[in-house]
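When we follow full-length UniProt numbering, the leftmost residue of the sequence shown carries the number 1, and every step to the right adds one. For reference, the structure is listed below as structure tokens.
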Amino acid sequence: MTGESAKRSYVIGQTEISARPLEPALYLVATPIGNLADITLRALETLAAADIVACEDTRVSRVLLDRYGIRRRTSAYHEHNAGEAGPKLIAALLAGQSVALISDAGTPLISDPGYRLVGEALDQGIRVVPIPGPSAPLAALTASGLPSDAFLFAGFLPVKTGQRLRRLEALKTVPATLIFFESPRRLAETLGAMVEALGGARKAAIGRELTKAFEEIRTGSLQSLADHYAAADTPKGEIVICVGPSDATADEPADIDRLLLSLAVEMPASKAAAEAAKMTGGQKQALYRRLLELKDTGKEGDTGKDGDG
């Protein structure tokens, strides 16, 4: 049975439900990030009624479609074929067909090339319809215990060490919870870079295998999480990192200076800077340079304590 002649319906349990006709448009359909039961009724009806279902990976999407008895024509649309597949989908839309765009998991356009197709559709005057649903960044944020009134999704960090540190430095002062995707094999290395660039005291959370059977949400300071994953075996599954906003801006420079000088009385400068970084969320290298400046200007004896006079 071809995609065009297949019955436009979906199945829930033992019940087959006919899908209502769709108006010609590009539909952005959110799909489950792990648990297939998280699909919405509107998403099922849209996928069953669409003339074309554009998938990041047709094999992955077929698992979802088969689960709900949806037999629609599928077309691959992903980063490597967007230049060729995109114009074909636009042509279908201009011809009056309906296209449902889905990613392997979650909401389309989040860390995938779908935004190009949306931009081309809008340029052509084609209607774009969001069908909201599951989203890994939001699932991780809501379960992290971190502030959710303001957040920034930063996607994947650069793989190269220098570029990654520069990107983190650029995000350091953003007054919001930061959300990242990361590969399991790079998790420990990335957390170490976050400690170096953002400070180990920041509160953070790691969401792994969200909505799946082995879901794990681990919370703590960046330093404690970095230590844990540096010693643990490489984790499995999809990873979301949430990092809370810095509290360092609440510390006055004079207070930080006194803290540095007080610590330097008891330990070497490098260790004092490291401890101050953990306590304030500041950057170790910057605190170390500041401590050396304080020593050079002869302030090492001033720890802010009252004198005898």
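Don't be surprised by glycine CBs; every beta carbon is placed ideally from N, CA and C. Here the structure is a predicted model, which is why all the values come from computation and not from measurement.
- Counting along the chain, no beta strand (DSSP E) covers Ser61; the unbroken alpha helix (DSSP H) around it starts and ends at Thr58 to Arg67.
- Cβ contact annotation for Thr142 (same chain, cutoff 7 Å, sequence separation greater than five): Ser148, in chain order.
- The straight-line gap separating the alpha-carbon atoms of Leu65 and Lys7 is approximately 13 Å.
- Short of 6 Å from the beta carbon of Arg164, and not among the five residues preceding or following it, lie these beta carbons of its own chain, in chain order: Leu157, Pro158 and Ala193.
- When DSSP states are grouped into helix, strand and coil, Arg218 belongs to the strand group.
- Distance between Arg167 and Glu182, taken at the CA atoms: about 14 Å.
- CA-CA distance, Pro253 to Arg62, rounds to 57 Å.
- Partner residues in a beta bridge of Thr280, as assigned by DSSP, do not exist.
- Taken atom to atom, the span from the alpha-carbon of Arg202 to that of Thr190 is near 15 Å.
- Per DSSP, the unbroken beta strand (DSSP E) holding Glu182 starts and ends at Thr177 to Glu182.
- In the DSSP assignment, Ala204 falls within the beta strand (DSSP E) that extends over Lys203 to Arg208.
- Three or more Cβ pairs closer than 8 Å define a contact, and the segment 134-141 meets that threshold against the segment 202-218.
- Distance check between Ser111 and each of Ala154, Leu94, Ser144 and Asp38 places Ala154 closest, using alpha-carbon atoms only.
- Looking only at Ser135, Arg185, Asp38 and Arg20, the smallest Cα-Cα distance to Thr234 is reached by Arg185.
- Linking Ala226 to Thr211 through their CA atoms gives a straight-line distance of about 24 Å.
- Restricting attention to alpha helix (DSSP H) runs no shorter than 4 residues, the segment 105-152 encloses them at 114-123 and 136-144, ordered along the chain.
- Under a 10 Å Cβ-count criterion, Gly13 is classified as exposed, with fewer than 16 other Cβ atoms of the shown protein chains found around its own Cβ.
- When C-beta atoms of the segment 36-45 are compared with those of the segment 79-89, fewer than three pairs fall below 8 Å, so the two segments do not count as touching.
- Under the DSSP definition of a beta bridge, Leu26 partners with Val99 and Val128.
- One Cα belongs to Thr15, the other to Leu28, and the distance between them is close to 26 Å.
- DSSP, reduced to helix, strand and coil, places Tyr229 within a helical segment of the structure shown.
- Of all alpha-carbon atoms in Gly199, Ala197, Leu146 and Glu209, the one lying nearest the alpha-carbon of Ile179 is that of Leu146.
- Comparing alpha carbon positions, the residue from Ala50, Ala95, Leu93 and Leu36 closest to Thr74 is Ala50.
- Per DSSP, reduced to three states, the secondary structure at Ala54 is strand.
- Between Leu47 and Ala91, the C-beta spacing is not below 9 Å.
- Counting C-beta pairs with one atom in each stretch, the segment 255-270 and the segment 282-292 have three or more that are closer than 8 Å, which means they touch.
- Counting every other CB atom within 10 Å of its CB across the protein chains shown gives Asp257 a total of 16 or more, marking it as buried.
- For Gly282, the closest alpha carbon among the candidates Leu94, Pro175, Gly199 and Ile102 is that of Gly199.
- In this structure, DSSP gives Thr234 a state outside helix and strand, which the three-state scheme calls coil.
- Taking 9 Å as the cut-off, the Cβ atoms of Asp38 and Pro134 count as close.
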